[in-house]
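Chains as they are written, first to last, in my numbering: chain V, 112 to 450; chain W, 112 to 450.
Where is the CB? At the ideal position from N, CA and C, for every residue including glycine.
Here the structure is a predicted model, which means the values were calculated and not measured.
Here's the structure, in structure tokens; my notes come after.
There are 2 protein chains.
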Amino acid sequence: MSAKITIHDVARESGVSIKTVSRVLNREPNVKADTRDRVQAAVAALNYRPNISARSLAGSKAYLIGVFFDNPSPGYVTDVQLGAIARCRQEGYHLIVEPIDSTADVEDQVAPMLATLRMDGVILTPPLSDHPVVLAALEREGVPYVRIAPGGDMDRAPWVSMDDRLAGYEMTRHLIDLGHKDIGFIIGHPDHGASHRRHQGFIDAMREAGLAIRDDRVEQGWFSFRSGFEAAEKLLGGSDRPTAIFASNDDMALGVMAVANRMRLDVPAQLSIAGFDDTPGARITWPQLTTVRQPIQAMAGAAADMLMQGVEREAGAPPPSRLLDFELVVRESTGRAPS
Amino acid sequence: MSAKITIHDVARESGVSIKTVSRVLNREPNVKADTRDRVQAAVAALNYRPNISARSLAGSKAYLIGVFFDNPSPGYVTDVQLGAIARCRQEGYHLIVEPIDSTADVEDQVAPMLATLRMDGVILTPPLSDHPVVLAALEREGVPYVRIAPGGDMDRAPWVSMDDRLAGYEMTRHLIDLGHKDIGFIIGHPDHGASHRRHQGFIDAMREAGLAIRDDRVEQGWFSFRSGFEAAEKLLGGSDRPTAIFASNDDMALGVMAVANRMRLDVPAQLSIAGFDDTPGARITWPQLTTVRQPIQAMAGAAADMLMQGVEREAGAPPPSRLLDFELVVRESTGRAPS
DNA sequence: AATGTCCTTGACAGCGCTGTCCGTTCAACG
DNA sequence: CGTTGAACGGACAGCGCTGTCAAGGACATT
Chain V
112 MSAKITIHDV
122 ARESGVSIKT
132 VSRVLNREPN
142 VKADTRDRVQ
152 AAVAALNYRP
162 NISARSLAGS
172 KAYLIGVFFD
182 NPSPGYVTDV
192 QLGAIARCRQ
202 EGYHLIVEPI
212 DSTADVEDQV
222 APMLATLRMD
232 GVILTPPLSD
242 HPVVLAALER
252 EGVPYVRIAP
262 GGDMDRAPWV
272 SMDDRLAGYE
282 MTRHLIDLGH
292 KDIGFIIGHP
302 DHGASHRRHQ
312 GFIDAMREAG
322 LAIRDDRVEQ
332 GWFSFRSGFE
342 AAEKLLGGSD
352 RPTAIFASND
362 DMALGVMAVA
372 NRMRLDVPAQ
382 LSIAGFDDTP
392 GARITWPQLT
402 TVRQPIQAMA
412 GAAADMLMQG
422 VEREAGAPPP
432 SRLLDFELVV
442 RESTGRAPS
Chain W
112 MSAKITIHDV
122 ARESGVSIKT
132 VSRVLNREPN
142 VKADTRDRVQ
152 AAVAALNYRP
162 NISARSLAGS
172 KAYLIGVFFD
182 NPSPGYVTDV
192 QLGAIARCRQ
202 EGYHLIVEPI
212 DSTADVEDQV
222 APMLATLRMD
232 GVILTPPLSD
242 HPVVLAALER
252 EGVPYVRIAP
262 GGDMDRAPWV
272 SMDDRLAGYE
282 MTRHLIDLGH
292 KDIGFIIGHP
302 DHGASHRRHQ
312 GFIDAMREAG
322 LAIRDDRVEQ
332 GWFSFRSGFE
342 AAEKLLGGSD
352 RPTAIFASND
362 DMALGVMAVA
372 NRMRLDVPAQ
382 LSIAGFDDTP
392 GARITWPQLT
402 TVRQPIQAMA
412 GAAADMLMQG
422 VEREAGAPPP
432 SRLLDFELVV
442 RESTGRAPS
């Protein structure tokens with residue numbers, strides 16, 4: 112175990128006071144370049160690392176960012192963590208992950224943790240981005256937070272999102288451009304705001320193309336494989352079936368794919384299938400899934416940035432929220448409509 | 112923002128000194144039951160939560176457990192986190208997740224984090240469980256750690272694992288019992304110790320049944336969908352093909368499934384496919400995958416427990432390592448061998 | 001030369017808690 | 001009845017750092 116070296120050691124080594132060392136460490140202004148260099152040399156020579164507990168006890172920063180999630184998709188969760196960490200590390204911040212169980216008492220889970228760890232900020236992932244109890248607890252404790260892809264109440268706090276409506280629109284257009292006229296749609300989990308926006312994009316594209324949206328072509332799903340599977344069974348059950356199905360996320364699209372395989376439908380010759388998210392699973396099927404790449408890591412990184420910069424909404428000023436770009440990923444599961 | 116209440120407030124409220132409050136909080140002995148109750152009442156009344164930074168600065172515990180991972184499987188990572196958190200929460204500990212990029216300088220990633228955050232312990236997931244640089248850094252800094260499913264050097268530190276060899280053996284037996292005699296095997300990532308053990312189980316079962324293991328029936332994989340896909344192409348390429356394929360993890364088994372679908376092979380009538388891990392993906396195919404359920408959450412929970420109990424190996428004493436139970440999950444992807 | 005202003009630096013007081021050490025009480029013992 | 005030691009409670013000194021405040025020096029202004 113290497114001996115613990117403190118700021119005092121650095122101060123002695125470089126011949127200044129500990130306060131000056133602290134200044135250099137925190138990139139405060141008004142330190143002579145010469146002094147700064149000496150301190151930095153000492154830091155490097157001693158391999159000194161400031162103790163985070165002491166910093167957060169004495170100062171106002173905790174160097175800790177929380178990530179709350181209650182998301183069934185592990186790929187999504189991991190991507191958020193990866194994206195956030197990448198940014199945090201540069202600034203010496205660390206990530207505390209806290210799974211929240213929405214089915215249990217949320218207040219009991221959130222309140223104690225907020226009080227013990229005074230985190231500098233929290234990243235909320237859907238569906239927690241819209242959870243009233245979580246938002247209220249955060250606000251009560253005065254902990255800044257950024258919501259990823261929230262569903263509504265957009266002025267309440269800063270957020271990072273992508274244009275789900277446009278993405279839904281473009282995917283639908285992609286299908287229409289391939290000659291599809293009879294397209295089925297599976298709506299996502301109603302608690303996720305993105306679900307409604309994707310659905311709206313579908314509606315907009317169909318309307319614009321003058322195509323009818325039959326009631327029996329739209330099913331409610333829950334973002335799970337099973338719900339996609341069941342929706343597909345209904346959609347493909349009769350002899351009169353759509354030539355394409357657009358599912359609001361990949362897991363559900365995979366469910367559709369499973370039904371298609373089971374019915375021995377040729378994808379995409381007889382049925383085109385489109386997903387959304389570009390999770391790892393999208394490539395784990397044959398044919399690979401046409402989908403929308405969500406910039407999950409980028410969104411999480413942006414959220415972490417906003418938190419570290421101490422996002423504080425000035426009264427009346429708009430939150431510095433950001434809309435990131437998505438990308439249509441066309442693979443093999445979509446093709447020309449059968450004639 | 113609720114006013115910050117400290118240990119002093121509790122002490123005043125309950126009419127004792129702060130030290131006594133501290134004793135109650137830390138469940139130290141030698142406090143009269145009556146006093147303890149008074150203090151606890153005050154804690155509850157004031158809704159007091161000890162500040163974790165102050166605790167770790169003053170004391171020896173940091174109330175922080177790290178989880179290091181560099182695992183391509185998001186399902187695995189999330190399960191580990193969930194399992195560890197469940198235990199940590201009860202004890203007031205929190206989880207710091209740190210993805211490690213093995214392709215970059217590992218020392219640079221690990222050393223600074225160990226110095227700034229003095230974590231009470233670290234949970235290592237494969238393949239990091241066997242990473243020499245990580246282990247060395249942890250030991251140098253005197254941070255206790257528990258390895259999940261390490262590959263070798265078992266006496267070096269405590270670990271939690273499952274009997275991969277036995278699981279590999281039992282899955283192979285399952286196939287043999289279904290009448291399969293010509294079984295293909297895809298080995299896992301060579302950096303993961305579990306890969307070798309699963310392979311050994313396969314060999315043992317085949318030998319025991321007096322079945323030949325043909326060289327061209329065993330392929331090296333990397334635990335990824337793609338590597339499973341490629342291995343399956345080789346295995347199923349000729350006219351002479353095995354009646355079953357046992358892949359060392361689910362992702363690779365899904366790759367095999369994709370090849371089978373593409374070749375229009377009927378699973379399991381013409382080809383049985385077995386996986387390993389029971390990741391969410393195992394249910395995301397049709398037919399669903401026969402696989403081995405790894406007690407990932409339980410292993411992570413046990414690891415967290417060991418860390419929190421301050422696992423310290425006494426000189427000469429065996430580490431309190433634990434082997435947990437697995438479960439064979441038979442679904443639809445395996446069936447009787449074609450006659 | 002005197003004054004004002006900025007830049008640079010340091011002394012010092014905690015942040016909220018635990019570890020150490022010591023004093024007090026009280027029961028059981030010789 | 002005095003003695004001992006366990007049980008119990010408290011005073012105090014930091015843990016390693018940052019915030020505050022003020023001092024000293026450099027430089028520009030009058």
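- [ ] Evaluate contact between the stretch 332–341 of chain W and the stretch 355–371 of chain W, counting only Cβ atoms and requiring at least three cross-stretch pairs below 8 angstroms.
- [x] Cβ pair count under 8 angstroms is three or more, so yes.
Task: Amino acids of chain V, ordered along the chain, whose beta-carbon sits closer than 9 angstroms to that of glycine 348 (chain W) - done: The contact set of glycine 348 (chain W) on chain V, defined by CB atoms closer than 9 angstroms, is empty, because the minimum CB distance reaches about 16 angstroms.
Task: Pick from V:Asp327, V:Val208, V:Val244 and V:Asn158 that is closest to leucine 252 (chain W), judged by C-alpha positions - done: In the sequence as displayed, the identity of residue 252 (chain W) is glutamate instead of leucine. Per the Cα distances, V:Asn158.
Open item on the list: Closest to glutamate 281 (chain V) by C-alpha separation, out of V:Cys199, V:Ala409, V:Ala155 and V:Phe357, would be which residue?
Closed with: If we check each option's Cα against that of glutamate 281 (chain V), V:Phe357 comes out closest.
Open item on the list: Does the contact criterion of 3 or more C-beta pairs under 8 angstroms hold for the stretch 275–291 of chain W versus the stretch 302–312 of chain W?
Closed with: The stretch 275–291 of chain W vs the stretch 302–312 of chain W: in contact.
TODO: Consult DSSP for glutamate 443 (chain W) and reduce its assignment to one of helix, strand or coil.
DONE: coil
TODO: Grab the span of the beta strand (DSSP E) containing methionine 273 (chain V) for me, first residue to last.
DONE: 270–273
Task: For alanine 197 (chain V) and glycine 412 (chain V), believed in contact at Cβ under 8 angstroms, the rounded distance - done: 6 angstroms
- [ ] Closer than 7 angstroms by C-beta to leucine 286 (chain W): which residues in its own chain qualify, once you throw out the five before and the five after it? Chain order, please.
- [x] Ile294, Ala355, Phe357, Ser383, Ala385 and Thr445
Open item on the list: Taking only three categories from DSSP, how would you classify tyrosine 174 (chain V)?
Closed with: In the structure shown, tyrosine 174 (chain V) sits in coil (DSSP, three-state: anything other than H, G, I, E or B).
- [ ] Pick helix, strand or coil for glycine 332 (chain V), following the three-state DSSP scheme.
- [x] Correct three-state label for glycine 332 (chain V): coil.
Task: Endpoints, beta strand (DSSP E) assigned at leucine 232 (chain V) - done: Contrary to the premise, residue 232 (chain V) reads as glycine rather than leucine in this sequence. Annotation: the continuous beta strand (DSSP E) that includes glycine 232 (chain V) extends over 232–235.
Open item on the list: Three or more C-beta pairs under 8 angstroms: does that hold for the stretch 174–186 of chain V against the stretch 138–157 of chain V?
Closed with: These segments do not touch.
Open item on the list: To the nearest angstrom, how far is the alpha carbon of threonine 131 (chain V) from that of valine 142 (chain V)?
Closed with: 8 angstroms
Open item on the list: Tell me the residue span of the beta strand (DSSP E) that contains histidine 205 (chain V).
Closed with: 205–210
Task: Simplified DSSP state of aspartate 351 (chain V), which is helix, strand or coil - done: coil
TODO: Mark alanine 426 (chain V) as exposed unless 16 or more other C-beta atoms lie within 10 angstroms of its C-beta, in which case mark it buried.
DONE: Reliability fails at alanine 426 (chain V), whose pLDDT of 42 lies under 50, so the model's placement of it is uncertain and the value that follows must be treated cautiously. With fewer than 16 other Cβ atoms within 10 Å, it is exposed.
Task: Own chain, CB closer than 8 angstroms to methionine 112 (chain W), minus 5 neighbours either side, in chain order - done: Residue placement at methionine 112 (chain W) is flagged as unreliable, the pLDDT there being 46, under the threshold of 50; the coordinate-derived value follows with that caveat. Same-chain partners within the cutoff: there are none.
Task: Whole-number beta carbon distance between arginine 373 (chain V) and leucine 346 (chain V), since they are thought to touch under 8 angstroms - done: Not a contact, Cβ separation roughly 14 angstroms.
Open item on the list: Can you check whether the C-beta of aspartate 388 (chain V) is within less than 8 angstroms of a C-beta belonging to chain W?
Closed with: no
Task: Simplified DSSP state of arginine 337 (chain V), which is helix, strand or coil - done: Helix at arginine 337 (chain V).
Task: Residue closest to histidine 307 (chain V), alpha-carbon to alpha-carbon, out of V:Lys292, V:Gly290, V:Pro161 and V:Pro238 - done: V:Pro238
TODO: Using three-state DSSP, classify phenylalanine 357 (chain W) as helix, strand or coil.
DONE: In the structure shown, phenylalanine 357 (chain W) adopts extended strand secondary structure according to DSSP, grouped into three states.
Task: Which listed residue (V:Gly186, V:Ser350, V:Asn360 and V:His291) has its alpha carbon closest to that of alanine 305 (chain V) - done: Taking only the C-alpha atoms, the option nearest alanine 305 (chain V) is V:Asn360.
- [ ] Could you list which residues in chain W have their beta carbon closer than 7 angstroms to that of tryptophan 397 (chain V), in chain order?
- [x] Ala369, Asn372 and Arg373
Open item on the list: So that I know if they touch, is there some Cβ in chain W lying closer than 8 angstroms to that of phenylalanine 336 (chain V)?
Closed with: yes
Task: Option nearest arginine 442 (chain V) by Cα separation, candidates V:Gln408, V:Thr396 and V:Met410 - done: Among V:Gln408, V:Thr396 and V:Met410, the Cα nearest to that of arginine 442 (chain V) belongs to V:Thr396.
Open item on the list: Can you tell me whether proline 238 (chain W) sits near the ligand ATP, meaning its C-beta is under 7 angstroms from at least one heavy atom of the ligand?
Closed with: For the structure depicted, the ligand ATP is absent and the ligand set is empty, with no information on it obtainable.
Open item on the list: Contact criterion: CB-CB distance below 8 angstroms. Does alanine 323 (chain W) meet it with respect to chain V?
Closed with: no
Open item on the list: Below 8 angstroms on the Cβ atoms is my contact criterion, and I expect serine 240 (chain V) with alanine 215 (chain V) to pass it. Report the Cβ-Cβ distance as a whole number of Å.
Closed with: That belief does not hold up - the Cβ atoms of serine 240 (chain V) and alanine 215 (chain V) are roughly 19 angstroms apart, past 8 angstroms.
Task: Three-state secondary structure (DSSP) of tyrosine 280 (chain V) - done: helix
Open item on the list: If you measure between the beta carbons of valine 208 (chain W) and leucine 206 (chain V), is that distance less than 8 angstroms?
Closed with: yes
- [ ] Give a yes or no on whether 8 angstroms exceeds the smallest Cβ distance from asparagine 96 (chain V) to chain W.
- [x] This structure cannot settle anything about residue 96 (chain V), because the visible part of chain V is limited to 112 through 450.
TODO: Go ahead and label alanine 323 (chain W) buried or exposed: buried means 16 or more other beta carbons lie within 10 angstroms of its beta carbon, across all protein chains shown.
DONE: Flag for alanine 323 (chain W) reads exposed.
Task: Pick from W:Ile129, W:Pro269, W:Ser167 and W:Gln399 that is closest to glutamine 151 (chain W), judged by C-alpha positions - done: W:Ile129
- [ ] Tell whether a beta-carbon distance below 8 angstroms holds between glutamine 408 (chain W) and leucine 193 (chain W).
- [x] The answer is yes: Cβ separation under 8 angstroms.
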